[in-house]
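S.K.: All letters in the first sequence, in the order written, are residues 30 to 447 by this note's numbering. Glycine included, every Cβ here is placed at the ideal spot set by N, Cα and C.
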Amino acid sequence: MIDLRLLREDPDRGRASQRARGEDPALIDALLAADEARRGAVTRADNLRAAQKSASVAVRSASPQDRPAILETAQALATQVKAAELAQAEADAALRTAHLAIPNLVLDGVPPGGEQDYVVLEQVGAVPAYDFPVLDHLDLGTALGAIDTERGAKVSGSRFAFLTGWGALLELALVNLAVGAAVEAGFTPVIAPALVRPEAMEGTGFLGAHAAEVYKLESDDLYLVGTSEVPLAAYHSGEVLDDLPYRYAGFSSCFRREAGSHGKDTRGIIRVHQFDKVEMFCLVAPADAQAEHQRLLAYEKAFLSALELPFRVIEVAAADLGTSAARKYDCEAWLPSQQRWLELTSTSNCTDFQARRLGIRSRSEQGLAPVATLNGTLCAIGRTIAVLLEVHQRADGSVHVPDALRPYLAGRKELLPQ
RNA sequence: GGAGGCGUCGCCUAGUCCGGUCUAUGGCGCCGCACUGCUAAUGCGGUUUGGGUCUCAAGCCCAUCGGGAGUUCAAAUCUCCCCGCCUCCGCCA
Numbered sequence: 030m031i032d033l034r035l036l037r038e039d040p041d042r043g044r045a046s047q048r049a050r051g052e053d054p055a056l057i058d059a060l061l062a063a064d065e066a067r068r069g070a071v072t073r074a075d076n077l078r079a080a081q082k083s084a085s086v087a088v089r090s091a092s093p094q095d096r097p098a099i100l101e102t103a104q105a106l107a108t109q110v111k112a113a114e115l116a117q118a119e120a121d122a123a124l125r126t127a128h129l130a131i132p133n134l135v136l137d138g139v140p141p142g143g144e145q146d147y148v149v150l151e152q153v154g155a156v157p158a159y160d161f162p163v164l165d166h167l168d169l170g171t172a173l174g175a176i177d178t179e180r181g182a183k184v185s186g187s188r189f190a191f192l193t194g195w196g197a198l199l200e201l202a203l204v205n206l207a208v209g210a211a212v213e214a215g216f217t218p219v220i221a222p223a224l225v226r227p228e229a230m231e232g233t234g235f236l237g238a239h240a241a242e243v244y245k246l247e248s249d250d251l252y253l254v255g256t257s258e259v260p261l262a263a264y265h266s267g268e269v270l271d272d273l274p275y276r277y278a279g280f281s282s283c284f285r286r287e288a289g290s291h292g293k294d295t296r297g298i299i300r301v302h303q304f305d306k307v308e309m310f311c312l313v314a315p316a317d318a319q320a321e322h323q324r325l326l327a328y329e330k331a332f333l334s335a336l337e338l339p340f341r342v343i344e345v346a347a348a349d350l351g352t353s354a355a356r357k358y359d360c361e362a363w364l365p366s367q368q369r370w371l372e373l374t375s376t377s378n379c380t381d382f383q384a385r386r387l388g389i390r391s392r393s394e395q396g397l398a399p400v401a402t403l404n405g406t407l408c409a410i411g412r413t414i415a416v417l418l419e420v421h422q423r424a425d426g427s428v429h430v431p432d433a434l435r436p437y438l439a440g441r442k443e444l445l446p447q
């Protein structure tokens, strides 16, 4: 939810942001009109309520002979109040609908354009060359006894997999490495619920344009989260926070319907319905948000470097930003089997957009004001395993284990096919 | 899953049975002022949040007693639904 007060003063900023995102700038004017209409309805209802209040007092203190007449006017006022309150409720709802339709304001400097218009900020490590025919992660994982998608499909359907043996151990090793690094950096580790109420889902902006991506448990009115960003953001909802910043590293399973991704990444475990992830989530003073964003990006880069993976950092263009994000960086690792860059991590600065919806505030000189929230992937496990196997494969089918992971894999330097 | 209890403006708490100056009591904490070598103590005042109006601020108005709906001229108080917490029973890793 964007800042209405700011929008009243500077509607052009809102329109410009909408244009950059490829959204309709007229929605800004619709929002301002709904705001205006609501204020009128509120004033009318307030005035009637005040009148009714004094009428009510008059009834109590009326003499017996005056009472019937006074009661009658009070009753008439009550009817009017009821109508005015109904009108106010409708105006409130209309404003909310218009408000929810607007994604976050894009920050200055975000590249214009869509999915193809990202800007490459840097590349870390060289694209690896192999003097043998490379295998993809599924072939490697099958040979290692690490990944079983056939039985995943048998048991749960397409886009599900079992991680077995080294696959399971690799996941645990990655989780340990990631959580350890996060704790070292001052994050509070959190095991978060993967099922959340509708308010949590809506508050984080996932029920808008991407609602079809989300699993819902209809009979319990709960949603399965696609990222622990959702429970972590909702964790402090409705609270007033002192002692900012708060930094959390959440671990949870993530569930995604992958509706509309038919035929994309169908092989292996690059795009599955369920995976585990360590996610960073920060609540900071709005003025510190941009600096915090750079920190999150730095942690992501450090983690990929520790895994000895070549990657590049891109800044995502305006029209490709999620509803809540005002700026987003992705780290993309090299995927040898497909000779392309694959998104492994993503970090977004959501400014005060989520905090306004979720009612997360802190005390400032102007009184209570929404905080800024930021999120960043530290390690999306499945995809990381896929890239790890491919990048570190050798001609004999063995896979090199990066130094950083060895302490969590009983000191193993390589994984061997069964 | 069953039975019962509870939820009041930071924390604790009065008020709810029996609707009406509740414009919500008192304490703690906190803020300001006074007194005072300093601190403490004491005294006085202030201290929910959201919205509207005004736009420099102050002030004024409306709403707010877990959330929502209802009854009524009038709801913290009565009715219904939902949420949360606690106790007991059942079941369970």
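For F216 versus M309, is the C-beta distance shorter than 8 Å?
M.R.: yes
S.K.: Between the stretch 332-349 and the stretch 409-417, can you find at least three pairs of beta-carbon atoms closer than 8 Å?
M.R.: yes
S.K.: Could you give the DSSP three-state label for S377: helix, strand or coil?
M.R.: strand
S.K.: Between F280 and Q303, which are expected to be in contact by the criterion C-beta below 8 Å, what is the C-beta distance as a whole number of angstroms?
M.R.: For a cut-off of 8 Å, the C-beta gap from F280 to Q303 is around 14 Å, too long to register as a contact.
S.K.: For E65, which of L373, A172, R125 and V139 has the nearest alpha-carbon?
M.R.: R125
S.K.: Quick check: the stretch 252-262 against the stretch 237-244, are at least 3 beta-carbon pairs closer than 8 Å?
M.R.: Counting Cβ pairs under 8 Å, three or more are found: they touch.
S.K.: Once the 5 residues before and after S290 are set aside, which same chain residues still bring their CB inside 8 Å of it?
M.R.: R300
S.K.: State yes or no: is the C-beta of A127 within less than 8 Å of the C-beta of A229?
M.R.: No.
S.K.: Can you grab the Cα-Cα spacing for the pair T178 / V184, in whole Å?
M.R.: 10 Å
S.K.: Name, in chain order, the residues that DSSP records as bridge partners for G405.
M.R.: M309 and T376
S.K.: So what's R276 in DSSP terms, helix, strand or just coil?
M.R.: strand
S.K.: Take E151 and list the residues in its own chain whose beta-carbon comes closer than 8 Å to its own, dropping the five residues that flank it on each side.
M.R.: Around E151: R341 and V342.
S.K.: Does S46 pass the burial test, meaning 16 or more other C-beta atoms within 10 Å, or should it be called exposed?
M.R.: buried
S.K.: Do you know offhand how far L169's Cα is from D137's?
M.R.: 44 Å
S.K.: Could you pull the start and end residues of the alpha helix (DSSP H) that L251 belongs to?
M.R.: It is not in any alpha helix (DSSP H) - L251 instead sits in the beta strand (DSSP E) that spans L251 to L253.
S.K.: Is there at least one non-hydrogen atom of the ligand ZN closer than 7 Å to the beta-carbon of V163?
M.R.: With respect to the ligand ZN, the structure offers nothing, as it holds no ligand at all.
S.K.: With a threshold of 6 Å on Cβ separation, who are the neighbours of A172 within its own chain once the five nearest residues in sequence on each side are excluded?
M.R.: Here the set comprises G426 and P446.
S.K.: Determine the direct distance from the alpha carbon of F382 to that of Q395, and round the result to whole angstroms.
M.R.: So the alpha carbons of these two residues sit roughly 18 Å apart.
S.K.: Give, in chain order, every unbroken run of the alpha helix (DSSP H) that is at least 4 residues long and sits entirely within the stretch 87-161.
M.R.: 96-129, all fully within the stretch 87-161.
S.K.: Please report how far the alpha carbon of L325 lies from the alpha carbon of V269, in whole angstroms.
M.R.: Answer to the nearest angstrom: the Cα atoms are 24 Å apart.
S.K.: Quick check: C379 and T406, are their CB atoms within less than 8 Å of each other?
M.R.: no
S.K.: So, is Q368 buried or exposed, given that buried needs 16 or more other C-beta atoms within 10 angstroms?
M.R.: Classification for Q368: exposed.
S.K.: State buried or exposed for P132, treating a residue as buried only when at least 16 other CB atoms are found within 10 Å of its CB.
M.R.: Buried.
S.K.: Under the DSSP definition of a beta bridge, which residues are partnered with W363?
M.R.: W370, per the DSSP bridge assignment.
S.K.: List the whole-angstrom C-beta distance separating A346 from P141, where the pair is believed to meet the contact cut-off of C-beta under 8 Å.
M.R.: 6 Å
S.K.: When we look at the beta-carbon of S92 and count the other beta-carbons within 10 Å, is it buried (16 or more) or exposed?
M.R.: Label assigned to S92: exposed.
S.K.: State the beta-bridge partners of L246 as determined by DSSP.
M.R.: DSSP lists L251 as partners of L246.
S.K.: Would you decide whether G43 is buried or exposed? Buried here means 16 or more other CB atoms lie within 10 Å of its CB.
M.R.: Buried, since its Cβ has 16 or more Cβ neighbours within 10 Å.
S.K.: Thinking C-alpha only, which one of D165, L167, T352 and A49 is nearest A236?
M.R.: Residue identity check: residue 236 is Leu in the sequence provided, not Ala. Nearest option by C-alpha distance: T352.
S.K.: Below 8 Å on the Cβ atoms is my guess for A316 versus L134; work out the distance and round it to an integer in Å.
M.R.: No, A316 and L134 are not in contact; Cβ-Cβ is about 16 Å, not under 8 Å.
S.K.: How is Q81 classed by DSSP in three states: helix, strand or coil?
M.R.: helix
S.K.: Whole angstroms are fine: how far does the CA of S391 sit from the CA of L397?
M.R.: 6 Å
S.K.: Quick check on P436: buried or exposed, where buried means 16 or more other Cβ atoms within 10 Å of its Cβ?
M.R.: Counting every other CB atom within 10 Å of its CB across the protein chains shown gives P436 a total below 16, marking it as exposed.
S.K.: Count the other CB atoms within 10 Å of the CB of D359; is the residue buried (16 or more) or exposed (fewer)?
M.R.: buried
S.K.: Can you have a look at G232 and say buried or exposed, based on whether 16 or more other CB atoms are within 10 angstroms of its CB?
M.R.: buried
S.K.: Kindly list the residues whose CB is nearer than 6 Å to the CB of K306, restricted to its own chain and excluding five residues on each side of it in sequence; keep chain order.
M.R.: Within the same chain, K306 has close Cβ partners C283 and A409.
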